[in-house]
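In our numbering, the protein residues as written are 138 to 431.
In what follows, a structure is listed as C-alpha coordinates, so that the remarks can point back to it.
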Amino acid sequence: MAETKDQNEVNIIIISDAAGDTAFSNATAAAAEFPKAQINYRRYPFITNKDKLDEVLEEIEKYPNLVIIYSLVKDEMQMPVIKFAREHNIQCVDIFSPVVEAIQQTTHMTPDQKIGAQHSLNQKYFDRISAMEFAVMYDDGKDPKGFLEADVVLLGVSRTSKTPLSLFLANKNLKVANLPLVPETHIPKEIYKIDPKKIIGLTNDPSVLNEIRRQRMIAYGLNPDTTYSNMDSINKELKSAQTLYKKLGCYVINVAHRSIEETAALILEHLGIDDYAKIIAPLSAIIILLMKAD
138 MAETKDQNEV NIIIISDAAG DTAFSNATAA AAEFPKAQIN YRRYPFITNK DKLDEVLEEI
198 EKYPNLVIIY SLVKDEMQMP VIKFAREHNI QCVDIFSPVV EAIQQTTHMT PDQKIGAQHS
258 LNQKYFDRIS AMEFAVMYDD GKDPKGFLEA DVVLLGVSRT SKTPLSLFLA NKNLKVANLP
318 LVPETHIPKE IYKIDPKKII GLTNDPSVLN EIRRQRMIAY GLNPDTTYSN MDSINKELKS
378 AQTLYKKLGC YVINVAHRSI EETAALILEH LGIDDYAKII APLSAIIILL MKAD
(Lines of atoms letter the chains of each structure in order from A and count residues from 1; the text may use other names and numbers.)
(Lines give C-alpha, C1' and ligand atoms only; values in the text may rest on other atoms or scores of the structure.)
Protein backbone atom coordinates (compact mmCIF):
# COMPACT_ATOMS: atom_id res chain seq x y z
CA MET A 1 0.00 0.00 0.00
CA ALA A 2 1.26 3.48 -0.82
CA GLU A 3 2.49 5.60 2.07
CA THR A 4 -0.06 7.99 3.55
CA LYS A 5 0.33 11.48 2.19
CA ASP A 6 -1.60 14.66 3.00
CA GLN A 7 -4.61 13.64 5.10
CA ASN A 8 -6.72 16.22 3.25
CA GLU A 9 -6.35 14.14 0.09
CA VAL A 10 -8.83 11.32 -0.47
CA ASN A 11 -8.86 8.90 -3.38
CA ILE A 12 -12.40 7.68 -3.80
CA ILE A 13 -12.43 4.42 -5.74
CA ILE A 14 -15.72 3.56 -7.42
CA ILE A 15 -16.08 -0.05 -8.52
CA SER A 16 -19.23 -1.22 -10.28
CA ASP A 17 -20.39 -4.06 -12.49
CA ALA A 18 -22.49 -1.49 -14.38
CA ALA A 19 -21.89 2.18 -15.24
CA GLY A 20 -21.33 3.15 -11.61
CA ASP A 21 -23.46 6.30 -11.84
CA THR A 22 -25.34 5.65 -8.60
CA ALA A 23 -22.13 5.07 -6.65
CA PHE A 24 -20.57 8.17 -8.18
CA SER A 25 -23.60 10.31 -7.29
CA ASN A 26 -23.48 9.10 -3.70
CA ALA A 27 -19.74 9.79 -3.52
CA THR A 28 -19.98 13.33 -4.88
CA ALA A 29 -22.92 14.16 -2.60
CA ALA A 30 -20.97 12.99 0.46
CA ALA A 31 -17.74 14.68 -0.65
CA ALA A 32 -19.56 18.02 -0.92
CA GLU A 33 -19.67 18.01 2.89
CA PHE A 34 -15.87 18.34 2.93
CA PRO A 35 -15.05 21.43 0.82
CA LYS A 36 -11.49 21.67 2.17
CA ALA A 37 -10.59 18.12 1.18
CA GLN A 38 -8.83 17.26 -2.06
CA ILE A 39 -11.09 14.60 -3.53
CA ASN A 40 -9.87 12.45 -6.42
CA TYR A 41 -12.43 10.18 -8.09
CA ARG A 42 -11.28 7.03 -9.84
CA ARG A 43 -14.08 5.11 -11.56
CA TYR A 44 -13.91 1.48 -12.61
CA PRO A 45 -17.17 0.61 -14.39
CA PHE A 46 -18.28 -2.70 -15.90
CA ILE A 47 -16.08 -4.85 -13.67
CA THR A 48 -17.95 -8.08 -14.37
CA ASN A 49 -15.41 -10.80 -13.65
CA LYS A 50 -12.64 -11.58 -11.16
CA ASP A 51 -9.82 -10.99 -13.63
CA LYS A 52 -10.94 -7.41 -14.16
CA LEU A 53 -11.46 -6.96 -10.43
CA ASP A 54 -7.97 -8.26 -9.67
CA GLU A 55 -6.51 -5.73 -12.10
CA VAL A 56 -8.41 -2.92 -10.40
CA LEU A 57 -7.30 -3.94 -6.90
CA GLU A 58 -3.71 -4.20 -8.06
CA GLU A 59 -3.86 -0.73 -9.62
CA ILE A 60 -5.50 1.10 -6.72
CA GLU A 61 -2.97 -0.28 -4.25
CA LYS A 62 -0.57 2.48 -5.27
CA TYR A 63 -2.93 5.28 -4.23
CA PRO A 64 -2.89 6.75 -0.70
CA ASN A 65 -5.88 7.49 1.56
CA LEU A 66 -8.35 5.22 -0.18
CA VAL A 67 -12.10 5.04 0.26
CA ILE A 68 -13.72 2.29 -1.81
CA ILE A 69 -17.35 2.61 -2.81
CA TYR A 70 -18.65 -0.40 -4.67
CA SER A 71 -21.84 -1.55 -6.31
CA LEU A 72 -21.46 -5.22 -7.19
CA VAL A 73 -24.38 -7.59 -7.55
CA LYS A 74 -22.67 -10.96 -7.13
CA ASP A 75 -21.33 -12.16 -3.77
CA GLU A 76 -18.19 -13.65 -5.33
CA MET A 77 -17.28 -10.19 -6.67
CA GLN A 78 -17.92 -8.44 -3.38
CA MET A 79 -15.75 -10.68 -1.20
CA PRO A 80 -12.37 -9.81 -2.82
CA VAL A 81 -13.12 -6.12 -2.34
CA ILE A 82 -14.02 -6.62 1.32
CA LYS A 83 -10.90 -8.74 1.86
CA PHE A 84 -8.70 -6.13 0.15
CA ALA A 85 -10.13 -3.37 2.35
CA ARG A 86 -9.55 -5.35 5.55
CA GLU A 87 -5.99 -6.30 4.61
CA HIS A 88 -5.08 -2.71 3.84
CA ASN A 89 -7.09 -1.17 6.69
CA ILE A 90 -9.09 1.17 4.47
CA GLN A 91 -12.73 2.30 4.47
CA CYS A 92 -15.05 0.33 2.21
CA VAL A 93 -18.73 1.09 1.50
CA ASP A 94 -21.25 -1.26 -0.12
CA ILE A 95 -24.16 0.81 -1.46
CA PHE A 96 -26.02 -2.08 -3.09
CA SER A 97 -26.33 -5.03 -0.73
CA PRO A 98 -28.05 -3.32 2.24
CA VAL A 99 -31.04 -2.37 0.11
CA VAL A 100 -31.21 -5.84 -1.47
CA GLU A 101 -31.07 -7.44 1.97
CA ALA A 102 -33.81 -5.17 3.29
CA ILE A 103 -36.11 -6.12 0.42
CA GLN A 104 -35.19 -9.78 0.83
CA GLN A 105 -36.00 -9.71 4.56
CA THR A 106 -39.33 -8.02 3.87
CA THR A 107 -40.47 -10.19 0.96
CA HIS A 108 -38.67 -13.45 1.90
CA MET A 109 -37.69 -13.69 -1.77
CA THR A 110 -34.28 -14.63 -3.15
CA PRO A 111 -32.55 -11.96 -5.31
CA ASP A 112 -31.61 -12.92 -8.87
CA GLN A 113 -28.13 -11.32 -8.65
CA LYS A 114 -28.55 -10.28 -12.27
CA ILE A 115 -26.06 -7.62 -13.36
CA GLY A 116 -27.62 -4.52 -14.91
CA ALA A 117 -31.18 -5.60 -14.14
CA GLN A 118 -32.19 -1.99 -13.44
CA HIS A 119 -31.24 -1.01 -17.00
CA SER A 120 -33.33 -3.64 -18.82
CA LEU A 121 -34.93 -2.46 -22.05
CA ASN A 122 -38.50 -2.25 -20.77
CA GLN A 123 -41.26 0.22 -21.67
CA LYS A 124 -39.99 2.77 -19.16
CA TYR A 125 -36.64 2.79 -20.93
CA PHE A 126 -38.21 3.55 -24.31
CA ASP A 127 -40.50 6.16 -22.72
CA ARG A 128 -37.39 7.86 -21.33
CA ILE A 129 -35.72 7.92 -24.76
CA SER A 130 -38.92 9.36 -26.24
CA ALA A 131 -39.04 12.05 -23.55
CA MET A 132 -35.43 13.04 -24.26
CA GLU A 133 -36.14 13.29 -27.98
CA PHE A 134 -39.17 15.45 -27.14
CA ALA A 135 -37.02 17.79 -25.02
CA VAL A 136 -34.53 18.26 -27.87
CA MET A 137 -37.28 18.76 -30.47
CA TYR A 138 -39.09 21.42 -28.44
CA ASP A 139 -36.09 23.17 -26.90
CA ASP A 140 -36.11 26.99 -26.98
CA GLY A 141 -39.68 27.16 -28.27
CA LYS A 142 -38.76 25.72 -31.67
CA ASP A 143 -42.33 24.53 -32.30
CA PRO A 144 -45.24 26.00 -30.26
CA LYS A 145 -47.36 22.86 -30.66
CA GLY A 146 -44.96 21.13 -28.28
CA PHE A 147 -46.29 23.25 -25.42
CA LEU A 148 -49.69 21.59 -25.71
CA GLU A 149 -48.19 18.07 -25.73
CA ALA A 150 -45.73 18.63 -22.89
CA ASP A 151 -46.02 17.36 -19.32
CA VAL A 152 -44.03 20.40 -18.17
CA VAL A 153 -43.36 23.78 -19.81
CA LEU A 154 -40.38 25.80 -18.57
CA LEU A 155 -40.31 29.56 -19.06
CA GLY A 156 -37.34 31.76 -18.28
CA VAL A 157 -34.94 34.46 -19.41
CA SER A 158 -31.57 33.47 -20.83
CA ARG A 159 -29.27 31.57 -18.43
CA THR A 160 -31.89 30.15 -16.08
CA SER A 161 -30.91 26.55 -16.96
CA LYS A 162 -33.94 25.74 -19.10
CA THR A 163 -32.19 23.32 -21.46
CA PRO A 164 -30.26 21.19 -18.92
CA LEU A 165 -33.29 21.16 -16.64
CA SER A 166 -35.47 19.97 -19.56
CA LEU A 167 -33.10 17.05 -20.19
CA PHE A 168 -32.85 16.19 -16.51
CA LEU A 169 -36.65 15.98 -16.24
CA ALA A 170 -36.79 14.05 -19.51
CA ASN A 171 -34.61 11.43 -17.86
CA LYS A 172 -37.49 11.00 -15.43
CA ASN A 173 -39.83 10.23 -18.34
CA LEU A 174 -41.38 13.70 -18.46
CA LYS A 175 -42.00 15.43 -21.79
CA VAL A 176 -40.62 18.95 -21.36
CA ALA A 177 -40.78 21.98 -23.64
CA ASN A 178 -39.19 25.31 -22.83
CA LEU A 179 -39.47 28.90 -24.02
CA PRO A 180 -36.87 31.69 -23.65
CA LEU A 181 -38.40 34.98 -22.53
CA VAL A 182 -37.28 38.23 -24.11
CA PRO A 183 -39.00 41.56 -23.26
CA GLU A 184 -41.48 42.81 -25.85
CA THR A 185 -41.30 39.50 -27.73
CA HIS A 186 -44.54 37.76 -28.72
CA ILE A 187 -45.64 34.96 -26.40
CA PRO A 188 -47.12 32.01 -28.36
CA LYS A 189 -50.88 31.72 -27.87
CA GLU A 190 -50.41 28.05 -26.91
CA ILE A 191 -48.89 29.13 -23.58
CA TYR A 192 -52.24 30.57 -22.49
CA LYS A 193 -54.02 27.28 -23.29
CA ILE A 194 -51.93 25.18 -20.91
CA ASP A 195 -52.95 24.16 -17.41
CA PRO A 196 -51.02 26.69 -15.24
CA LYS A 197 -49.90 23.86 -12.97
CA LYS A 198 -47.81 22.48 -15.84
CA ILE A 199 -46.01 25.80 -16.33
CA ILE A 200 -42.85 26.54 -14.35
CA GLY A 201 -41.53 30.09 -14.33
CA LEU A 202 -37.76 30.23 -13.78
CA THR A 203 -36.13 33.37 -12.41
CA ASN A 204 -32.77 34.39 -10.96
CA ASP A 205 -31.14 37.05 -8.79
CA PRO A 206 -30.01 40.01 -10.94
CA SER A 207 -26.45 39.97 -9.57
CA VAL A 208 -26.09 36.22 -10.13
CA LEU A 209 -27.47 36.50 -13.65
CA ASN A 210 -25.13 39.40 -14.38
CA GLU A 211 -22.08 37.37 -13.35
CA ILE A 212 -23.21 34.29 -15.30
CA ARG A 213 -23.75 36.30 -18.47
CA ARG A 214 -20.46 38.17 -18.12
CA GLN A 215 -18.61 34.87 -17.75
CA ARG A 216 -20.39 33.50 -20.80
CA MET A 217 -19.26 36.45 -22.93
CA ILE A 218 -15.70 36.10 -21.64
CA ALA A 219 -15.77 32.39 -22.53
CA TYR A 220 -16.69 33.38 -26.09
CA GLY A 221 -13.79 35.85 -26.19
CA LEU A 222 -16.18 38.82 -26.31
CA ASN A 223 -16.58 42.02 -24.32
CA PRO A 224 -18.42 41.10 -21.09
CA ASP A 225 -19.97 44.57 -20.78
CA THR A 226 -22.83 44.42 -23.27
CA THR A 227 -26.59 44.92 -23.22
CA TYR A 228 -26.87 41.19 -22.56
CA SER A 229 -25.09 41.55 -19.20
CA ASN A 230 -26.18 45.10 -18.37
CA MET A 231 -27.93 45.28 -14.97
CA ASP A 232 -30.68 47.60 -16.21
CA SER A 233 -31.46 45.20 -19.06
CA ILE A 234 -31.39 42.21 -16.72
CA ASN A 235 -33.78 43.89 -14.27
CA LYS A 236 -36.09 44.74 -17.16
CA GLU A 237 -36.05 41.11 -18.37
CA LEU A 238 -36.75 39.70 -14.91
CA LYS A 239 -39.55 42.20 -14.27
CA SER A 240 -41.16 41.35 -17.62
CA ALA A 241 -40.91 37.61 -16.87
CA GLN A 242 -42.40 38.10 -13.39
CA THR A 243 -45.33 40.01 -14.89
CA LEU A 244 -46.01 37.12 -17.27
CA TYR A 245 -45.76 34.53 -14.45
CA LYS A 246 -48.30 36.49 -12.41
CA LYS A 247 -50.63 36.71 -15.41
CA LEU A 248 -50.37 32.95 -16.01
CA GLY A 249 -50.66 32.08 -12.33
CA CYS A 250 -47.80 29.58 -12.64
CA TYR A 251 -45.34 28.19 -10.10
CA VAL A 252 -42.14 30.26 -9.90
CA ILE A 253 -38.69 29.02 -8.87
CA ASN A 254 -35.62 31.17 -8.27
CA VAL A 255 -32.71 29.07 -9.57
CA ALA A 256 -30.01 31.26 -8.01
CA HIS A 257 -27.68 29.08 -5.93
CA ARG A 258 -29.75 25.97 -6.73
CA SER A 259 -28.44 22.91 -8.54
CA ILE A 260 -30.34 21.31 -11.40
CA GLU A 261 -31.26 18.45 -9.07
CA GLU A 262 -32.69 20.80 -6.45
CA THR A 263 -34.78 22.70 -8.98
CA ALA A 264 -36.03 19.45 -10.49
CA ALA A 265 -37.01 18.17 -7.05
CA LEU A 266 -39.12 21.29 -6.46
CA ILE A 267 -40.84 20.81 -9.82
CA LEU A 268 -41.58 17.13 -9.14
CA GLU A 269 -42.95 18.00 -5.72
CA HIS A 270 -45.14 20.71 -7.25
CA LEU A 271 -46.49 18.25 -9.81
CA GLY A 272 -47.06 15.57 -7.17
CA ILE A 273 -44.78 13.10 -8.95
CA ASP A 274 -42.98 10.33 -7.08
CA ASP A 275 -39.36 11.04 -7.97
CA TYR A 276 -38.16 7.59 -6.89
CA ALA A 277 -40.52 5.88 -9.31
CA LYS A 278 -39.32 8.03 -12.17
CA ILE A 279 -35.57 8.31 -11.74
CA ILE A 280 -33.39 5.90 -13.72
CA ALA A 281 -29.86 7.35 -13.97
CA PRO A 282 -28.11 10.70 -13.45
CA LEU A 283 -27.45 12.95 -16.39
CA SER A 284 -24.66 14.91 -14.74
CA ALA A 285 -22.22 14.64 -17.63
CA ILE A 286 -24.84 15.64 -20.22
CA ILE A 287 -26.05 18.51 -18.05
CA ILE A 288 -22.55 19.97 -17.70
CA LEU A 289 -22.09 19.89 -21.46
CA LEU A 290 -25.47 21.44 -22.17
CA MET A 291 -25.37 24.23 -19.56
CA LYS A 292 -23.70 26.34 -22.25
CA ALA A 293 -26.57 25.73 -24.64
CA ASP A 294 -29.14 27.66 -22.61
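Note that beta-carbon positions come from the ideal geometry of N, C-alpha and C, so glycine has one too.
{"Asked": "When we look at the beta-carbon of residue 276 and count the other beta-carbons within 10 Å, is it buried (16 or more) or exposed?", "Found": "buried"}
{"Asked": "Please report the residue range of the alpha helix (DSSP H) in which residue 172 lies.", "Found": "Run containing residue 172: none; DSSP gives neither H nor E here."}
{"Asked": "Return the residue from the list 367, 146, 197 that minimises the CA-CA distance to residue 172.", "Found": "146"}
{"Asked": "To the nearest angstrom, how far is the alpha carbon of residue 143 from that of residue 232?", "Found": "27 Å"}
{"Asked": "What are the partner residues of residue 338, as DSSP defines its beta bridges?", "Found": "292, 389"}
{"Asked": "Residue 401 bridges to which residues according to DSSP?", "Found": "Partner(s): none; residue 401 has no beta bridge."}
{"Asked": "Drop a sphere of 10 angstroms on the beta-carbon of residue 212, count the other beta-carbons inside from all chains shown, and report buried for 16 or more, exposed for fewer.", "Found": "exposed"}
{"Asked": "In the DSSP assignment, find the unbroken alpha helix (DSSP H) run with residue 144 in it and report its ends.", "Found": "Premise fails: residue 144 is in no alpha helix (DSSP H) and is neither H nor E."}
{"Asked": "Considering only residues of the segment 305–376, which uninterrupted beta strand (DSSP E) runs meet the minimum length of 3 residues and lie entirely inside it, listed in chain order?", "Found": "313–317, 336–340"}
{"Asked": "Residue 153 and residue 164 - do their beta-carbons sit closer together than 8 Å?", "Found": "no"}
{"Asked": "Label residue 350 either buried or exposed according to how many other C-beta atoms from any shown protein chain fall within 10 Å of its C-beta, with 16 as the threshold for buried.", "Found": "buried"}
{"Asked": "Quick one: grab the DSSP three-state call for residue 209.", "Found": "coil"}
{"Asked": "Around the Cβ of residue 356, are there at least 16 other Cβ atoms within 10 angstroms (buried) or fewer (exposed)?", "Found": "exposed"}
{"Asked": "Can the beta-carbon of residue 320 be found closer than 8 Å to that of residue 374?", "Found": "yes"}
{"Asked": "Whole angstroms are fine: how far does the CA of residue 174 sit from the CA of residue 247?", "Found": "41 Å"}
{"Asked": "Report the three-state DSSP secondary structure of residue 257 (helix, strand or coil).", "Found": "Because the pLDDT at residue 257 is just 49, under 50, the model does not fix this residue reliably, and the value given afterwards should be weighed accordingly. Residue 257 falls in the coil class under three-state DSSP."}
{"Asked": "Identify every residue that forms a DSSP beta bridge with residue 153.", "Found": "208"}
{"Asked": "Give the range of the alpha helix (DSSP H) segment to which residue 188 is assigned.", "Found": "187–197"}
{"Asked": "Rank 340, 293, 343 by C-alpha distance to the C-alpha of residue 463 and give the top, closest one.", "Found": "In the structure as shown, the chain begins at 138 and stops at 431. Residue 463 is therefore absent and cannot be evaluated."}
{"Asked": "Count the other C-beta atoms from every protein chain shown that fall within 10 angstroms of the C-beta of residue 310, then say buried if there are 16 or more, exposed otherwise.", "Found": "buried"}
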